[in-house]
Amino acid sequence: MKYEIKNETIDADEATVSAKITVLDYFKAQKESEEYLKENPNEFYDENQIFSDELYNTYKWNRIGEVKDTVDYDISFNLSKVDGQWKLDNLDRTTLEKIHGFYDYTSDN
């Protein structure tokens with residue numbers, strides 16, 4: 002991950018830090034894996050012709066491991082001063098997905 006601090010606002014006990022982050026685009030690989038599964042389901046059946054989560058997950062994680070493309074997000078981090086120390090406030094699910102590269106940016110259209 003790369004990041005650039007764009008702005009910060011600091012009050013007595015609260016602060017907001019705005020940053021641009023660049024992360025690997027794992028979402029794209031995950032989505033492509035799902036599409037591949039839909040088009041080629043037979044590749045993920047075991048010797049007993051039963052769908053194998055293990056075979057599919059191995060395929061998907063191998064694809065995710067090959068990711069080189071990146072995606073940028075602007076994120077605001079809120080902090081609170083607790084006992085004289087700055088603590089990062091809890092992050093919502095969307096922010097965590099962005100940080101980890103699994104955010105579904107196609108839903109932003």
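Take the sequence shown: its letters are residues 2 to 110, numbered as in our numbering. In this text, a Cβ means the ideal position worked out from N, Cα and C, and glycines have one as well. Quantities reported herein were computed from a predicted structural model and do not represent experimental measurements.
### Query
Val142 bridges to which residues according to DSSP?
Past the edges of the chain, shown from 2 to 110, lies residue 142, and the structure says nothing about it.
### Query
What does a CB cutoff of less than 7 Å around Ser34 pick up in its chain, not counting 5 residues either side in sequence?
Tyr60, Lys61, Arg64
### Task
Would you mind working out which of Asn43, Tyr46, Thr96 sits nearest Ser114, comparing C-alpha positions?
Given that the chain is displayed from residue 2 to residue 110, the structure contains no residue 114 and the question cannot be resolved.
#### Entry: Span of the alpha helix (DSSP H), counted from its first residue to its last, around Leu92
First-last for Leu92: undefined, no H or E at that position.
### Query
With 8 Å set as the bound, which would you pick, yes or no: does the beta-carbon of Lys82 sit closer than that to a beta-carbon of chain B?
Any reference to chain B falls outside this structure, which holds one protein chain only.
### Message
Buried or exposed, going by whether 16 or more other CB atoms sit within 10 Å of the CB of Lys99?
### Response
buried
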